[in-house]
Each structure stands twice: as C-alpha cells, then as structure tokens.
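>
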Amino acid sequence: MDVLNLVLTLLGNLAVLSGDPVLGAKGKAVTSLLTLVQLARGGSEGLKELQKLADQVEAMVKEGRAPTDVEWDALKAQSDEAHAIIQNFKPGE
Amino acid sequence: MINILARFAAIVLMALSLGACSILSQREYNAVSIAETPEQRTYAVYGSFVVAERQAAAIIQTPGVQDKIKVALQKADAVAKPLADKSLEAADAITDIRRALAMGQTTEDKLNIALLDLEQWYTRLVPAVNDLIKFVEENK
Numbered sequence: 001m002d003v004l005n006l007v008l009t010l011l012g013n014l015a016v017l018s019g020d021p022v023l024g025a026k027g028k029a030v031t032s033l034l035t036l037v038q039l040a041r042g043g044s045e046g047l048k049e050l051q052k053l054a055d056q057v058e059a060m061v062k063e064g065r066a067p068t069d070v071e072w073d074a075l076k077a078q079s080d081e082a083h084a085i086i087q088n089f090k091p092g093e
Numbered sequence: 094m095i096n097i098l099a100r101f102a103a104i105v106l107m108a109l110s111l112g113a114c115s116i117l118s119q120r121e122y123n124a125v126s127i128a129e130t131p132e133q134r135t136y137a138v139y140g141s142f143v144v145a146e147r148q149a150a151a152i153i154q155t156p157g158v159q160d161k162i163k164v165a166l167q168k169a170d171a172v173a174k175p176l177a178d179k180s181l182e183a184a185d186a187i188t189d190i191r192r193a194l195a196m197g198q199t200t201e202d203k204l205n206i207a208l209l210d211l212e213q214w215y216t217r218l219v220p221a222v223n224d225l226i227k228f229v230e231e232n233k
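Structure (structure tokens):
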C-alpha cells in the first residue's frame, strides 16, 4: 500500500532527536521537521507536493517577501479539507 | 530584536547542521531549509504539515487499514491542527506588524512580542507532529 508506506516512512523518520543543550526542546522541534523530506521518498504525490512547496518558498526568498494572504489561504484550505476527512472518520465504518 | 532573530537563526543553524547529507542534497524538496525569515519558515513548516495531513487523510480513506491506525492519526491530527493554525496566525501577524513598522505606525517592541509569540507556537507545533508519529508507530 503505497500511501500507507509513504506516511509510515514519513512518520518513522520524524524522530525526535536529542535537543541541543543550549536550545533545548526548540532545537529538537525544528530539527525533526527537516526529515519531512523523507516524505518524498515513498510516493510521487508527496514528492510533487514537497517540491511545489519548496519552489514556493524559494520564490519568496528570491523576492524578499513573506507569504501572501492568497498563499496562506490556499494552504489552510488544503489543511482544512484534509482535517475534515480525518476527523469525520468513525471506527467501524 | 537582535536576540530574538539570533535565537531563530540559531535554531535553524542547528537544524541545518544536524541534517544528513541526503537531506541537504534534497534541498529542492526541503522548504524549511530554504526559508530565511520566521514567516517563510512557518509557511514551510505549515506546508510540510499539510503534506503529511493530506497523506493521513488518504490513509483514513483507504479500506483495509486498521481502525486503530486511523484513530491514532485522527487524535494526533486533532492536536496538531490547532497549533498549526495558531502558528499561521502568528506569522501573519508578524507580516502585518512589519508593514506597519515600515510606515512608522508601530514599534519594534510590538514586532519583538509577535516574534516571541510565533516562536512559542512554532515550537509547540513540532512536538505535536512528533506525537502523530508516535501514535502511528505504536499502532502500525
């Protein structure tokens, strides 16, 4: 099951690393997010989405700007849609 | 202001230094490492969370996956989502404050407070994502 393997690969690689003694939990948090790139390994859809996200951020950096309201709204809409699907699940269905 | 930015920079530098070569070589897929400002970085984190969330939604809709895995994903998502949205709001607030600051309509102190707020939400978000991992690992 590609999708399941994809997510388990992603999540399995999002291991909590030991924090920097100076930064403590904060360093741990940011470091673990970097391994989200592993998401790309398991499936083409995840790869495409991560690449698109990276392209978007690269454009922001080149243009010296923050994300626009339109960009934020689009991202949040995707999250809201996925969140609704996840939260609407009922065991046994 | 300088201390706050230095803290963000330190966090990112630590993150980059601990990144494996394979991660650094996959910069094209790693929005977090590309981002330079707190707002861009929050967008990258939120976007990465969305990628994971969308994959979790696909699992939820997949027949044959055990209910316990779906429930674990559901619970972890329920925790992470509000933190992700709070991080979004905090980043958006910073953008507004920077704009106001450029027009002389607010103060550096306001920006500093907003940056601290974002940092707090940001560092609460990632452990929530890690909890998502834990639930899935315990149930796979």
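From first to last, the protein sequence lines stand for chains A and B.
Residues 1 to 93 in the working numbering are what the first sequence spells out, letter by letter.
Residues 94 to 233 in the working numbering are what the second sequence spells out, letter by letter.
Ideal placement from N, C-alpha and C gives every residue a C-beta, glycine not left out.
Keep in mind that this is a model prediction, so the values were computed, not measured.
(1) Decide if the region 64-71 of chain A is in contact with the region 155-173 of chain B; the criterion is three or more beta carbon pairs, one per stretch, under 8 Å apart.
(2) Between residue 185/B and chain A, is there a C-beta pair that is closer than 9 Å?
(3) Can you find a C-beta in chain B that's less than 9 Å from the C-beta of residue 57/A?
(4) Quick one: is residue 200/B near chain A, going by C-beta distance under 9 Å?
(5) Within 9 Å (strictly less), CB to CB, does residue 205/B reach chain A?
(6) Evaluate the contact criterion for the region 194-204 of chain B versus the region 144-155 of chain B: three or more CB pairs, one atom per stretch, below 8 Å.
(7) Could you give the distance in angstroms between the alpha-carbon of residue 160/B and the alpha-carbon of residue 90/A?
(8) Please look up how many angstroms separate the CB atoms of residue 54/A and residue 123/B, rounded, as I've assumed it's under 8 Å.
(9) Using a Cβ-Cβ cutoff of less than 6 Å, which residues in the same chain neighbour residue 183/B once the five nearest sequence positions on both sides are dropped?
(10) How far does the alpha helix (DSSP H) with residue 89/A in it extend, from its first residue to its last?
(11) With a 10 Å radius around its C-beta and 16 neighbouring C-beta atoms as the bar for buried, classify residue 140/B as buried or exposed.
(12) For the region 147-170 of chain B, which residues have a beta carbon sitting closer than 7 Å to at least one beta carbon of chain A?
This is what the structure gives:
(1) The region 64-71 of chain A is not in contact with the region 155-173 of chain B.
(2) On the second sequence, position 92 is the one that residue 185/B refers to. Yes, contact with chain A.
(3) The residue you call residue 57/A lines up with position 57 of the first sequence. Taking Cβ atoms only, chain B reaches closer than 9 Å to residue 57/A, which makes this a yes.
(4) Translated into positions along the second sequence, residue 200/B becomes position 107. Chain A contact via Cβ: absent.
(5) Locating residue 205/B in the second sequence gives position 112, where the first residue counts as 1. The beta-carbon of residue 205/B is placed no less than 9 Å from the nearest beta-carbon of chain A.
(6) Fewer than three pairs of CB atoms, one per stretch, sit closer than 8 Å, so the region 194-204 of chain B makes no contact with the region 144-155 of chain B.
(7) As a position in the second sequence, residue 160/B is number 67, starting the count at 1. As a position in the first sequence, residue 90/A is number 90, starting the count at 1. Cα to Cα, the separation comes out at about 9 Å.
(8) Mapped onto the first sequence, residue 54/A falls at position 54. Mapped onto the second sequence, residue 123/B falls at position 30. At roughly 6 Å, the Cβ-Cβ gap stays under 8 Å, so residue 54/A and residue 123/B are in contact.
(9) Position 90 of the second sequence, counted from the first residue, corresponds to residue 183/B. Spatial neighbours of residue 183/B in its own chain (CB-CB distance under 6 Å, excluding positions within 5 residues in sequence) are listed in chain order as 210, 211 and 214.
(10) As a working note, residue 89/A is residue 89 in the first sequence. No alpha helix (DSSP H) holds residue 89/A; DSSP gives it neither H nor E.
(11) Along the second sequence, read from residue 1 onward, the residue named residue 140/B stands at position 47. Flag for residue 140/B reads buried.
(12) Residues passing the 7 Å Cβ filter: 147, 148, 149, 150, 151, 152, 153, 154, 155, 158, 160, 163, 164, 166, 167 and 170.
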